[in-house]
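Below: the structure, in structure tokens.
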Amino acid sequence: MTIDTPVSDQVFHGKELKKIEDEEICMQCKDFSLFYGAKQALFDITMNIPSSRVTAFIGPSGCGKSTLLRCMNRMNDLVDGVTLKGEMLLRGEDVYGRSVNVTDLRRRVGMVFQKPNPFPKSIFENVAYGLRLQGVSNKREIEDRVEWSLKRAALWDEVGGRLQENAFELSGGQQQRLVIARAIAIQPEVLLLDEPASALDPISTLKIEELIFELKSQYTVVIVTHNMQQAARVSDYTAFLYLGELIEFDATDKLFTNPKEKKTEDYITGRYG
Amino acid sequence: MNTEKLGFFKSGTPWVWLNAGAVSISMIMVVGLLILIAVRGLGHFWPKTIWEIDYLEGDNQIVLLGERSKTETVPAKQLVASGLHLGFEEEFVERTLLKIGNRDMNGVDFKLIVKPAEMEVRKPVDAIVFERTQWGNFYGFLQSLSENGDTLDIKSGALWDELQSRLKRVDDLRDEIHEIEKYEIGKINYKIEKLRLKQRRIELSGISDPDAVSDIKSQRKILDDEYEILKGELGKLYSAIARDQALMTIQDGREKQVKLADIIKATKPNAMGLGTKLGHYFVNLKNFVTDDPREANTEGGIFPAIFGTVMMVLLMSVIVTPFGVIAAIYLREYAKQGFVTRLVRISVNNLAGVPSIVYGVFGLGFFVYFLGGNIDQLFYPEALPSPTFGSGGLMWASLTLALLTVPVVIVATEEGLSRIPSSVREGSLALGATKAETLWRTVLPMASPAMMTGLILAVARAAGEVAPLMLVGAVKLAPSLPLDLNAPFLHLERKFMHLGFHIYDVGFQSPNVEAARPLVYATALILVVVIILLNLSAIYIRNHLREKYRTMEH
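Here the protein sequences come in this chain order: U and X.
Quick note on numbering: our numbering labels position 92 of the first sequence as 92, and the sequence is numbered without any gaps.
Heads up, our numbering is the position in the second sequence plus 273, with the first residue counted as 1.
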């Protein structure tokens, strides 16, 4: 397999970044707190996730970054004993509002998990799953959309000829790209990535990172990562969380080169974590 | 020394030996059981040598002709104590059980011979054994054949071939008679019964409908005419089949005219080579599996019992799977996990341990008497007082066994559901699927191998169950199969035969226990084979599903 030459810095940041305050807002947290039973996991988090950008959450294990991500499409509804305070808005609309249909929300806010989790079906059926849920039954339309999604996920060249094979035949990296293809097939507005490359080898990781960069032209991407280099490589904005609190949120370049907070500096220089 | 010993124990080697020993003992027990059943059961179909034994008992010269069924060595003291005069001094005596057949002439089928001091044993090549439709086996020598009472002039060398060709004719006639009696007359009887019920229904409704009644009467007339025609044909066939007779002599020289119509099969086992014997062996085996039983189940085949067992198990599977799976889904996926669910789960697990006869009693009281009785009142009042669903039958037996096995399916399915990785569920939910859609499209297909495992266990338990069936529908002899060519084809109200019950009946309720004993083993073997086949087909389906829904390998 040939490895594409790493995308240069210039390409990565080709789109001129505005000041964070001037970005169009996609999702918003307002004094958002979360409790697992009596234990508080998130403390009054307030931040704006900008539209069509890649935002990374970094922080040591257990700092609440995955929890925050999972609140954005209400995956935490599945956990018993969770109570929430504050607001989570998607384009100004409360995600936890009474009139919100959870399944509609999840269609708008897609999610990819740490471990690749394809369904035990063919590659084609995996990508078509979300479409069929939406009631798309036109065979031609489904085929077109599957091809489009697989191309967007940079997987078409590798699997285009064997769509009827079981998804488990694919390698770990291919599976993860398949899962991303599955998520973008229903064209969500936001794509949440929960450590999408942590279970993958370096080559697959590189491909996923390139893919993330490609995706931000159309989607708002939020990525949780353990890997600070990865955050530095792919994201436009980075949020540092520590023990459930948002310590700092700024443009990635600024946060990594010139952090305002002492805790951020300690973390990115490897003093703890 | 001490530390060395300790080291040996710590190394775990004794553990390995203990475990391996336990496994070997289990294997030896299972394999030994199967071998015992197979040898005892399958040996029955081998054409056995006919012995002619000549000895003195007191002052009487005794000649016996028959098959050796069992030989054992017993202490002489024991025989003397039981009042037998031996006439010679020995510590141990050989005792043989000889199947002498000819029950109509000898009164008994078996004779126990204590090996006398002097005894002559021969293997007469001409000895013939008849398998008969009644009175058990016949052993003797063929003297002559007669047609309509007139002895035929045939050379003794050609007698045997002539007998076989005439038996072939009898066989064909018997098939024809069976065809007419069982199917054609059976069909007419079924229609006549339907007409009778229709007429009764009209009477019960209280509305006079002369058109319908006369219509029924004319149909009845047609059927009666058809029946008369068939009866005429039958009469001809019966007189044709009774044409030939064989004059036989038995061991003590007495003569007997045997009707060829009574003979199912005539063989000369002493004249057979190994190849011929092998051929007869497989024919006997095939007949055992495909024929109807005769003579209070002690002779003939066990086909209706095999059919009944398989039908009942299949029906039970069809009932138990949806019930068990739906209950498990509710318990695992929807019910709030708490005290009540735990209580329900414990009850379900304990239900699997309730003795099966208790289910039988419940089935009789609830299904047969209550449900069946009410169904009869509501839907079949014209047949009363004879019950339709109000007595044991295939449906009630299947339902009772489904009740018995539903805990197994619930437990296995729950186990399977809990093993589905949450990442797959989350993946589906994150795509905007509702819980029901996630279950239906992803979780249930992935849990289907576990459901099949539950079904396999259920089938294994249900197929071997006898006690409850005796109360809810298994019978010694069912007049017709629950599946036939008369609409509506599947007759759920009919009683059926079952291999397990057949074993019990043949082994312990039979008038001729000694003759039936090999059949008990053979039937047991068939039962085991049927269960294994049912399980293998379920396992095949499960492995297929497993391959299809292989879960993630990390």
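Ideal Cβ positions, reconstructed from N, Cα and C, are used throughout, including at glycine.
For the segment 675-709 of chain X, the set of positions with a beta-carbon nearer than 9 angstroms to some beta-carbon of chain U reads P694, S695, S696, V697, R698, E699, G700, S701, L702, A703, L704, G705, A706 and T707 in chain order. With contact defined as three or more Cβ pairs closer than 8 angstroms, the segment 183-191 of chain U and the segment 164-173 of chain U are not in contact. Here X/I323 is actually not in contact with X/V381; their C-beta atoms are around 17 angstroms apart, not less than 8 angstroms. Chain U places a beta carbon closer than 8 angstroms to that of X/M719, counting this residue as a contact. The beta carbons of X/L477 and X/Q492 sit no closer together than 8 angstroms. In its chain, beyond the 5 residues on either side, D382, G409 and T571 have a beta carbon closer than 7 angstroms to the beta carbon of X/A788.
Between X/L418 and X/E435, the C-beta gap is smaller than 8 angstroms, which places the two residues in contact. Inclusion of U/T225 and U/I247 in the CB contact set at 8 angstroms is not warranted, their separation being larger than that value.
Taking 9 angstroms as the cut-off between beta carbons, the residues of the segment 117-149 of chain U near chain X are N117, P118, F119, P120, K121, Y129, G130, R132, L133 and Q134, in sequence order. Using a Cβ-Cβ cut-off of 7 angstroms, U/I186 is close to L704 and G705 of chain X, given in chain order.
Within the model, the alpha-carbon separation for U/V146 versus U/G244 is close to 39 angstroms.
It is roughly 59 angstroms from the alpha-carbon of U/F32 to the alpha-carbon of X/F282. For X/Y822, the chain U residues whose C-beta falls within less than 8 angstroms of its own C-beta are P120, listed in chain order. Beta-bridge analysis with DSSP links U/C29 to U/M47 and U/M88. Residues of the segment 78-111 of chain U with a Cβ closer than 9 angstroms to any Cβ of chain X, in chain order: L78, D80, V102, T103, D104, L105, R106, R107, R108, V109, G110 and M111. Under DSSP, X/K343 takes part in a beta bridge, and its partners are X/L370. Judged by their CB atoms, U/Y242 and U/P60 are nearer to each other than the 8 angstroms cut-off. U/P259 counts as buried, since at least 16 other C-beta atoms from the protein chains shown sit within 10 angstroms of its C-beta. Within chain X, not a single residue places a beta-carbon under 8 angstroms from that of U/R233; the smallest gap is close to 25 angstroms. Just so you know, the alpha carbons of X/H771 and X/T522 end up roughly 40 angstroms apart.
A direct Cα-to-Cα measurement between X/M724 and X/R439 gives close to 57 angstroms.
Beyond the five residues adjoining it in sequence on each side, X/G666 comes within less than 7 angstroms, by CB distance, of G746, L765, E766, R767 and K768 in the same chain, given in chain order. Within the segment 233-270 of chain U, complete beta strand (DSSP E) segments of at least 3 residues are found at 237-242 and 245-251, given in chain order.
Of all residues in the segment 714-744 of chain X, only R714, T715, P718 and M719 come within less than 9 angstroms of chain U when Cβ atoms are compared, listed by chain position. Around the C-beta of X/P680, 16 or more other C-beta atoms lie within 10 Å, and the residue is accordingly described as buried. Taking CB atoms only, U/M75 has a neighbour in chain X less than 8 angstroms away. Under DSSP, X/K532 takes part in a beta bridge, and its partners are X/Q518.
Taken atom to atom, the span from the alpha-carbon of U/K121 to that of X/K821 is near 8 angstroms. Within chain X, the residues G700 and L704 have their CB atoms less than 9 angstroms from the CB of U/R182, given in chain order. Membership of U/L193 in the beta strand (DSSP E) is indicated by the continuous run V190 to D194. Exclusion of the five residues before and after U/V159 leaves I123 as the residues of its chain whose Cβ lies within less than 6 angstroms of its Cβ. A contact between stretches requires three or more CB pairs, one per stretch, nearer than 8 angstroms, and the segment 676-690 of chain X fails this requirement with the segment 786-804 of chain X.
X/Y328 sits away from X/E367, with the two beta carbons spaced by 8 angstroms or more. Pairing X/I630 with X/T796 gives a Cβ-Cβ distance that is not under 8 angstroms.
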